[in-house]
Structures are given as C-alpha cells and as structure tokens.
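Okay, so here's the structure we're looking at.
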Amino acid sequence: MPNWFRLALSLLQFQAPLHLSRVSLTADVPDKRIAIVGGGTAGIVMLKTLVDDLPKDLTQTWEIVLFEQRDDVGGIWYPDPHTPHPPDLPESPLYPRLRTNTPHPSMTIPQFQFPPGTALFPNHAFVHQYHKSMISRWNLSSYIHLRHEVLAADWHGDNVSGHWQLTALDRTHNRTVHAGFDHLVVASGHNQYPYEPKFQGQQVWEASAPGRKVLHSIFYREPEVYRGRNVLVVGGGASGRDISQQVVRFANSTYVSLRSDSMRLLPLPFPHIPGVERVGAISHFTPHAPVFEDGTSLPQIDTVLLATGYELRVPFLSFIRNTSLSTPLPDPHDCDALTNNGRYLRPLFRHVLSLAPTHAPLALAFIGLPIFVSNGISDFAQALLVAHALADPALLPPASALLADLRAQEAALDNPARIGHRIVQPGGGTAYQDELVAILQDSGREGGGIPSRGTRFTEPWREFATRESGRLRLAWLKIEALGKDEVRKWLGSVKRGDEAEWVDLMERLAEWFKEQMWSSGTRRLIGAPT
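UniProt numbering puts the sequence shown at residues 1 to 530.
Set out below in structure tokens:
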C-alpha cells in the first residue's frame, strides 16, 4: 500500500484536520505505534526523547502520537481561563500568583535552559512558555493533537501480544475517533482529582454559621478573597506553604494544620512564616469549631483550605482495580492486575513500566508519577528508559527479575501503600534518576542524553540547586525587594542562557545570601525552615 494512501486512511479514521501520525518513510505499516497521553512536562519530554534521542533510522518507521485534551500544552502550568466553581473541577490548579518554588535551572532537561532575563523563580507563564519552546526547538508540533481527550484505552490481546484500542473525543469537531497502538505511555499527571478528607461533624460546622466553608486548594485563586477571614490551611506541602504565605497578608488570622508525620512525608520542613501559627492534625468538627488531636480547638475559624494533595486516577484505563489505602499490598509476584489505592499504582518497575500480566511486556508505561523529584530531569530519565526499552526489549531482565526488584524497593519502605510514588529513598530524586539511567549504561547504551558508563546522569550542580533551593528562593526574594535595578544587575550576567551561566549565578547568589545573613545576624526570615 503506498504511503500516501495509508495517510489518507489514517486521516479518515481519525476524522480530524491534523495529521495524526508520522508516516513511515520506508514501510507501509509502521514497526511500532506509540500513543502518549498528556501534553504536560512528562508527555512532552517523552515525545522529545522518542523523536530526538533515539537513532533516526530507527524511529522513522515508528508512528508516534501525543494526545492532549486541552487547547495548549503545558499541563498544570497552562492556566484555566475560567473561574472555577465547585463542584466542577478546573482544568488546572494554577493560581495567578503561582511562581516556581525551585530555581528554574533545576526544572529543565539537560542542555536546554530558560532564556536570559528570566527571573530565577519565575511566574508560571515563563514555565508554560518553556514547554512551548521545547516543542519549537525539536519540531514536535506535528506529533501533538490538541483538544483530543482520551476516553478509553482497551487492551486487545494477552500477556504476550496484542494492541491498544484508543477511543478519543475530538473536542474541536465534537466527534469520537478510534485508533490502534502497540504501546501506550500515560503522562497525564496526578494533579487533577483533589483528595478531600472528610471529618466527622464537618457538614454540621459549615451549616452552623453563615459564610463558613471548606474548600480544596484546587479552587484557590486570589488571596484577597480571604481578607478579614480566619483561615485554617490544612497541609504543609508546596501548596500549603504558598497559600499560607499569600493569605496571611490579608486574613484576620491564619493557621496551618500539620500531621505529626509530615516531616517524614514532606521533602522540606514547613517554613517559619510570620503571622502563621501551627496547629496539629484535625480530629473532628463540632458545630462551633474544628477540634485537633490534642483536644484544642479554634472557634474563630470560618474558612478551611485543604492543601491535602490529589488522588491518583487514570479514568481511561477502566481495567485498573481500585482499592483503598487500608488494603494490604500483595506480593508483587501475586499481582494479577494493575491496582490503584489512590496514591500508589502497582505493579510498576521503578514507578514506570507496568508489570501487570494482563497485557504484553512494555505495552504500558507511566511517565511523571514520582513525587519529590525535579520533574524535567526525572521525566527525562524515565523517558530514556522507556524509549530504549521499546527500541530493544532485550536490554531489560525478565519479568520475574523486575518483580523481584519491585519487592526489594517496597521492602525498604515503612509503608509503601501510603508513601506511594513519593521518592524517599536515600539520595532522593537524584539517586532515583541516576539508577534508571545506569540500567541503560550497564546495557551499553551511550549518547542521546545517556552519559558514558561510570558517569552520573545528574550533573552535580542540580544537586546543589535542589539542596539550596530554599535559601536561593529567600535570596532571590531579597534581590527583588531591593528593586528592579538590582534584579537586572544579577540577570545581566546571563548573556547566552546556557547552564554554566545559570549555575554561576546561583552559586554567587548563595554566597551573597550567606554573607547577608551573617552580617545582619539573623537566620529566621520568612520562608526559612525551622
């Protein structure tokens, strides 16, 4: 069958105005058909890795498609243009004042930095633009199909061979399209479905006085809304810290509720924020007040903001068996299906490759599940593993060895069902991504983002940027407080925008801040960990 005729059939099948595949230049039927779901960081990095980091003579016979349900890429960094109204969920939890909580060089993939002039801790718009710049730099747009929501992905076959049948809604033309693929990569993120703990007496408390409300942080937008209110923020993660710092400037009083085990489950301790008082975990509500586990209460509270994170859901994979956090985890060798307790999807090899026996090996992979990592570089390490495994399945050990590895990984954790995809191993995200790439190095892979054997994947400066991110953020806020001229002076040293220049800026900034702290005789500043 001529290639032009195959392309025509493909377009008729999808009934869409865009080319929905890269057609093989050397074969009528592609050697592999790969679908990626999600156009955020994980999906774009996976696409870039397949297109740019594998040998071109190999991938030109592959068909690669990325589906993104929204009208632009960027994932959570692309704002929802509509004001969210509960219970309808917004398309993104992004709020107008959101900026990065880590220096942007640590968020990037290797050798592709933010442009000169970018604030070290930029507003979300710059991160969204970075995603678009990746697409432009590697000519990825023809692989991406916006406004295509994957509704279902069904496996037709057994644990040896088969294919995925995808059903998607073409939102532009309001019609359903279908297509078959050999491999499915899920990169749809885990910040879409809020986890909202329900406390005894909560509804009675809300109804007992006008204006009382409990709201998840996915609906948070502007801190001015809480002017004059008495706010309790529940949770000490990134959203809890950020919202507390914003709301305290307007609220009559601000409290943050932290669990006793938050130090173990969070990558950083909750910072000291003037005006924000810490309390323990909520036990229950009376008609008059939230009551905490130590028996104390706060009758003045009228607003509770739940910065309690998100549930992990993959609704288009209907075959996933849903369980609860209290369900014991079976031995990985006894997992007869992919299971999900809302926090932990298993059995997966290193949080990436599905080991479920319900489909063929390498038929299903996940990019972007790990938490407490630097997403860009972590996603790239995962994408390298997936891409090279698809190119040569023989580089991986047999399934029994991968399951044994999963058993060993879980045995090293206190409670893997609760910890889920949080990377809490020694060395954190750096060790995690280095170990993924070491698998490829040990198999003889090199180049295309994989350093030579014996060389670590993660550059040392990324460890520095991660370790010092809290102090660098304080330093940058201090620079911004000194005025635009001071900001321009610091950013003026970055001419080309390469890694060396950004690393030099961060190192000088860390040293400058250390001198400032010692000269002022203070270590207790807003945002400083205590």
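Don't be surprised by glycine CBs; every beta carbon is placed ideally from N, CA and C. Being a predicted model, the structure only gives us computed values, none of them experimental.
Check	Outcome
Which of the three DSSP states, helix, strand or coil, is assigned to residue 534?	Given that the chain is displayed from residue 1 to residue 530, the structure contains no residue 534 and the question cannot be resolved.
I'd like the list of long-range same chain contacts for Ser324, defined as Cβ closer than 8 Å, with 5 residues on each side in sequence excluded.	Asn341 and Gly342
Looking at Gly38: is its Cβ nearer than 8 Å to the Cβ of Glu68?	yes
Among the residues of its own chain, which have a CB less than 7 Å from the CB of Arg229, if the five just before and after it don't count?	Ala251, Asn252, Asp302 and Thr303
Do you know whose CA, among Ala360, Pro416, Leu413 and Gln425, lies nearest Ala399's CA?	Ala360
On the DSSP bridge list, what partners appear for Trp155?	Trp164
Classify Trp205: buried if its beta carbon has 16 or more other beta carbons within 10 angstroms, exposed otherwise.	buried
Out of curiosity, what's the CA-to-CA distance linking Leu25 and Leu58?	Only weak support is given to the placement of Leu25: the predicted model assigns it a pLDDT of 33, under 50, and the value that follows is read from those uncertain coordinates. For Leu25 and Leu58, the distance between alpha carbons rounds to 11 Å.
Between the alpha carbons of Ala411 and Glu501, how many angstroms are there, rounded?	42 Å
The alpha helix (DSSP H) that contains Glu277, what's its start and end?	Glu277 -> not in any alpha helix (DSSP H); beta strand (DSSP E) instead, spanning Val276 to Val279.
Take the Cβ of Arg70 as the centre, count every other Cβ of all protein chains shown within 10 Å, and call the residue buried at 16 or more, exposed below.	buried
Just to confirm the assignment: which complete beta strand (DSSP E) runs, minimum length 3, are found wholly within the segment 288 to 355?	290 to 292 and 303 to 306
For Pro451, which residues of its own chain have a beta-carbon under 7 Å away from its beta-carbon, when the five flanking residues on both sides are left out?	Phe457
Should Leu505 be labelled buried (16 or more other beta-carbon atoms within 10 Å of its own) or exposed?	buried
Just the C-alpha distance for Ala404 and Pro397, rounded to the nearest angstrom, thanks.	11 Å
Starting from His131, trace the beta strand (DSSP E) both ways and give me its first and last residue.	It is not in any beta strand (DSSP E) - His131 instead sits in the alpha helix (DSSP H) that spans His124 to Arg137.
If I measure Cβ to Cβ from Trp518 and keep anything under 7 Å in the same chain, skipping five residues before and after, which residues do I get?	none
So Pro416 and Tyr310 are in contact, right, with Cβ under 8 Å, and what is the actual spacing, rounded?	Not really, about 19 Å apart at Cβ, beyond 8 Å.
Is the number of C-beta pairs between the segment 128 to 148 and the segment 160 to 171 that are closer than 8 Å three or more?	yes
Using DSSP with H/G/I as helix, E/B as strand and the rest coil, what is Asn191?	coil
Tell me the DSSP secondary structure of Ser253 in three-state form.	strand
Taking the beta strand (DSSP E) that Leu215 falls in, what are its first and last residues?	Lys213 to His216
State yes or no: is the C-beta of Gly74 within less than 8 Å of the C-beta of Gly40?	yes
In its own chain, which residues sit with a C-beta less than 8 Å from the C-beta of Val487, not counting the 5 before and 5 after it?	Ala119, Ile479 and Glu480
Taking the C-alpha atoms as reference points, what is the distance between Val247 and Ala125?	22 Å
Can you tell which of Phe121, Trp155, Asp294 and His178 has its C-alpha closest to the C-alpha of Ser318?	Trp155
Taking its Cβ as the centre, do 16 or more other Cβ atoms sit within 10 Å of Thr83, making it buried, or is it exposed?	exposed
Is Thr466 buried or exposed, if buried means 16 or more other CB atoms sit within 10 Å of its CB?	buried
Can you tell which of Phe316, Arg346 and Val314 has the C-alpha that lies nearest to the C-alpha of Thr327?	Arg346
Indicate whether His183 and Leu362 have their beta-carbon atoms separated by less than 8 Å.	yes
Who are Val231's beta bridge partners in DSSP?	Thr254 and Thr303
Quick check for students: name the residue ranges of the alpha helix (DSSP H) that lie wholly in the segment 379 to 412, counting only runs of 4 or more.	399 to 411
If you check the beta carbons only, do Tyr195 and Thr286 fall under 8 Å apart?	no
Exposed or buried, which one is Glu468 when buried takes at least 16 other CB atoms within 10 Å?	buried
Might you give, ordered along the chain, the residues of its own chain that have their beta carbon closer than 6 Å to the beta carbon of Arg221, omitting 5 neighbours on each side?	Tyr95
Indicate the three-state DSSP secondary structure (helix, strand or coil) for Val73 in the structure shown.	coil
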